[in-house]
Amino acid sequence: MDNLKLNMVSIDQLQPYLVDLIDVLNKLQIPQYNDYATKFKNWLITFNALKASDELKEDQVRQLLFDLDSGYNAFHKVLAS
26 MDNLKLNMVS IDQLQPYLVD LIDVLNKLQI PQYNDYATKF KNWLITFNAL KASDELKEDQ
86 VRQLLFDLDS GYNAFHKVLA S
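Residue 54 in the working numbering is what sits at position 29 of the sequence shown, and the numbering runs on without skipping anything.
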């Protein structure tokens, strides 16, 4: 989320962080979190279809921020339960 807020929107800047996030989620295997894990995997598919030098459009940045923030909040709810 911080990278997006700092206007780092190139695929080569974001993709490694998304891969790391997905790797961690795969290791944790939290059933209540599957919807968000799927969203992040879909983002990775989108990233992989683009060139490293491509940048996310403003609406994509906004949606990715929303998905990450929603996922972050859901993750904390799962931990609290």
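In this text, a Cβ means the ideal position worked out from N, Cα and C, and glycines have one as well.
In the structure shown, the three-state DSSP call for residue 35 is strand. Distances from the alpha-carbon of residue 103 to those of 90, 82, 78, 60 put 60 closest. Where residue 70 is concerned, the enclosing alpha helix (DSSP H) starts and stops at 59-73. The straight-line gap separating the alpha-carbon atoms of residue 58 and residue 85 is approximately 22 angstroms. Between the alpha carbons of residue 75 and residue 36 lies a gap of roughly 7 angstroms.
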